[in-house]
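Structure, as structure tokens:
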Amino acid sequence: MVHKEHKASMMLWNMIGVIVLLHLCHLEGVFGDPGEVKVSAMEGHSVTLHTDTELHTDDVIEWMFGVHSPNKIIAEFSREDNKTSYNSERLKNHLQIDDQTGSLIITNITTQHTGRYKAEIGRKSSVRFRHFSVTVYVLS
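Here the sequence shown is numbered in UniProt numbering, starting from 1 and rising by one per residue.
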């Protein structure tokens, strides 16, 4: 009898472990994320970070940036309100968001724009992530 209870207890703990792991993976955007896209650009050019989607009426997109990790919101777009806001002094005069796809366009790019970017596309019942690593080169 003790053996069956121990086996059932171990199965329960294994199931809990799997559920926790799946939850953590979902929070980090592992599912549905095609991986980090590496983008290189020459200083002064424009770069588009493509979301590879068409936005729906109720979609909201947040773009984040960071040198090592995309942790600061730099731009937000609401398709329903057709409203864009830019939240970064360093980047705001260089950013545009495509209102059909949510893709981020960085114009007149400089080395200050080198870093990691993340798009978080929110729909009623899901969130999709896209990750980018941008490197800007200077001609000498």
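We put the CB at the ideal spot given by N, CA and C, even for glycine.
Starting from Glu80, trace the beta strand (DSSP E) both ways and give me its first and last residue. Neither: Glu80 is in no beta strand (DSSP E) and is coded neither H nor E.
Given Met42, which residues of its chain have a CB within under 6 Å of its CB, disregarding the five upstream and five downstream residues? Tyr137
Here's a check: name, in chain order, each residue in its chain whose Cβ is nearer than 8 Å to the Cβ of Gln100, leaving out the five neighbours to either side. Glu54, Leu55
Per-residue DSSP class, three states only, for His68: coil
Lys124 by DSSP, collapsed to three states: which one? coil
For Val47: DSSP bridge partner residues: Ile106
Pairwise C-alpha distance: Asp58 and Lys124: 7 Å
Are there three or more Cβ pairs, one per stretch, closer than 8 Å when the stretch 126 to 134 is compared with the stretch 71 to 87? no
Residues near Gly17 by beta carbon distance below 8 Å, same chain, minus five either side: At Gly17, the pLDDT of 48 sits below 50, so the modelled position is not reliable and the matter cannot be decided from this model.
Go ahead and label Ser103 buried or exposed: buried means 16 or more other beta carbons lie within 10 angstroms of its beta carbon, across all protein chains shown. buried
Per-residue DSSP class, three states only, for Gln96: strand
For Thr111, which three-state DSSP category applies? helix
Would you identify the three-state DSSP class for Glu62, choosing helix, strand or coil? strand
Taking DSSP's pairing of strands, which residues face Ser40 in a bridge? Thr135
Can you tell me whether DSSP reads Arg116 as helix, strand or coil? strand
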